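2 protein chains.
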Amino acid sequence: MTEFTQTFQQDFDKLLRLRRDVRRFRTDPVDGGIIDRCLATFNLAPSVGLSEPWRIVKVQSAAARQAVLENFETTNAEAIKGYSGEKAQIYSTLKLSGMRDAPVQLAVFCDEETPKGAGLGARTMPETRRYSVVAAITQFWLCARTIGLGVGWVSILDPDSLTKELNVPENWSLVAYLCVGWPEDVLTTPELVTAGWETRSDILETLER
Amino acid sequence: MTEFTQTFQQDFDKLLRLRRDVRRFRTDPVDGGIIDRCLATFNLAPSVGLSEPWRIVKVQSAAARQAVLENFETTNAEAIKGYSGEKAQIYSTLKLSGMRDAPVQLAVFCDEETPKGAGLGARTMPETRRYSVVAAITQFWLCARTIGLGVGWVSILDPDSLTKELNVPENWSLVAYLCVGWPEDVLTTPELVTAGWETRSDILETLER
Numbered sequence: 744m745t746e747f748t749q750t751f752q753q754d755f756d757k758l759l760r761l762r763r764d765v766r767r768f769r770t771d772p773v774d775g776g777i778i779d780r781c782l783a784t785f786n787l788a789p790s791v792g793l794s795e796p797w798r799i800v801k802v803q804s805a806a807a808r809q810a811v812l813e814n815f816e817t818t819n820a821e822a823i824k825g826y827s828g829e830k831a832q833i834y835s836t837l838k839l840s841g842m843r844d845a846p847v848q849l850a851v852f853c854d855e856e857t858p859k860g861a862g863l864g865a866r867t868m869p870e871t872r873r874y875s876v877v878a879a880i881t882q883f884w885l886c887a888r889t890i891g892l893g894v895g896w897v898s899i900l901d902p903d904s905l906t907k908e909l910n911v912p913e914n915w916s917l918v919a920y921l922c923v924g925w926p927e928d929v930l931t932t933p934e935l936v937t938a939g940w941e942t943r944s945d946i947l948e949t950l951e952r
Numbered sequence: 744m745t746e747f748t749q750t751f752q753q754d755f756d757k758l759l760r761l762r763r764d765v766r767r768f769r770t771d772p773v774d775g776g777i778i779d780r781c782l783a784t785f786n787l788a789p790s791v792g793l794s795e796p797w798r799i800v801k802v803q804s805a806a807a808r809q810a811v812l813e814n815f816e817t818t819n820a821e822a823i824k825g826y827s828g829e830k831a832q833i834y835s836t837l838k839l840s841g842m843r844d845a846p847v848q849l850a851v852f853c854d855e856e857t858p859k860g861a862g863l864g865a866r867t868m869p870e871t872r873r874y875s876v877v878a879a880i881t882q883f884w885l886c887a888r889t890i891g892l893g894v895g896w897v898s899i900l901d902p903d904s905l906t907k908e909l910n911v912p913e914n915w916s917l918v919a920y921l922c923v924g925w926p927e928d929v930l931t932t933p934e935l936v937t938a939g940w941e942t943r944s945d946i947l948e949t950l951e952r
């Protein structure tokens, strides 16, 4: 019952290789049942002390989308100023968000004060609550990819402003803003590699102690 | 080439359901090739700006293991004091670390100052570097489970002390301490549920904006 075949292990490796941060989406809608199926992976994620601190906002209204888009554009305009020369030139060509096209957009928060889990494991490392949310997002991302659905994680945002713009409880902190939809293309290489921004390492160095 | 079968999708769901935070390990060694195969998933993880900020320390020497164990025991003894009544009673029965038995132990850090990625996406949310490390750990954890290997994430630690005890660079921050090995049992239910500490939600509430 519990073991996984070699074929599954190979396909799992393929899944990791084909997972991309997607920024170019088709605008056609995604069936709500598919989104719900991907979101169901949140409840299977590891969480510190079983605190399950993930909180999800479906950003759907034109007003909310506009606020998030403006937040991104303002933050991105500031970010560009930090580069010069070739980096500035490449940066200006990058597409860093699929917000204008992605049919599904999710703001994912961490409830920093949830009583669930009674603080187990989070006393000296409270950031593990946010890490639990990231683990859940990672599972969601991979599940989406098994169905062919693309996910893009936007972090070029002012998180405190976004929290206010979306009017969520004060004890929620933004972990990620996710654009979700059918990708324009199936890419095997990260866009940042193709654009010449950064290379991908194929070795992993480790230390020993 | 890119699509995944329904059988794979179902097995992926089974993988998420069978992934556990493992605290009870057999002491027999794990072949280094298997660990390397699981560690290779780090290089496939998403990372902000392709910064790949994960740094891994294999904790192997008796001295290093003893230092980490003492760190855990001191931190755990402090944590127990935060509970009373039934919670204190349950807490005292919980096994919260496999450090005494797990044949492979990994301290996973984030390089907060890596030049890789040139800061892309991390200006307003520098915590996304640490989130990248968590995404990589999640992939490692799932990959390990496809092989039947257990992973347990210990967060009941003083992270600053651990960084010093393991003598890693100052700009590295501890994200996770992972115990890895063959699990004593294949569990379908989280130990914290079985022990009566916390329940698992089977619904996911979402807000709309």
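Residue numbers (this note's numbering), protein chains in the order written: chain H, 744 to 952; chain E, 744 to 952.
Beta carbons: idealized from backbone N, C-alpha and C, even for Gly.
The structure presented is a predicted model; accordingly, all values stated were derived computationally and were not measured.
A straight line joining the alpha-carbon of E948 (chain E) with that of E927 (chain E) spans about 35 Å. Taking the CA atoms as reference points, T770 (chain E) sits about 29 Å from C853 (chain E). Interface criterion met: the Cβ of R866 (chain E) is under 9 Å from a Cβ in chain H. Restricting attention to H:D754, H:F883, H:G841 and H:R798, the CA atom closest to the CA of E913 (chain H) is found in H:R798. Within chain E, the residues placing a beta-carbon under 9 Å from that of V800 (chain H) are T949, L950, E951 and R952, ordered along the chain.
DSSP, reduced to helix, strand and coil, places I777 (chain E) within a helical segment of the structure shown. Burial state of G924 (chain E) is buried, judged by a 10 Å Cβ sphere holding 16 or more other Cβ atoms. E:L892 is the residue among E:P858, E:L892 and E:G792 whose C-alpha sits nearest the C-alpha of I778 (chain E). L921 (chain E) and S794 (chain H) have their alpha carbons spaced roughly 19 Å apart. At a cut-off of 9 Å between beta carbons, L812 (chain E) makes no contact with chain H.
The way I'd put it, the segment 869 to 880 of chain H does touch the segment 875 to 883 of chain E; three or more beta-carbon pairs between them come closer than 8 Å. Inter-residue distance for R872 (chain H) and R943 (chain E) is about 15 Å (C-alpha atoms, whole angstroms). Taking a Cβ-Cβ threshold of 8 Å, the residues of chain H close to R943 (chain E) are N786, L793 and E795, in chain order. T949 (chain E): member of the beta strand (DSSP E) spanning T949 to E951, first to last residue. One alpha carbon belongs to R952 (chain H), the other to A850 (chain E), and they sit about 10 Å apart. Between K907 (chain H) and chain E, the shortest Cβ-Cβ separation is not below 9 Å. Setting aside the 5 residues that flank it on each side, A788 (chain H) is surrounded in the same chain by A878, A879 and Q882, each with a C-beta closer than 6 Å to its C-beta; the list follows chain order.
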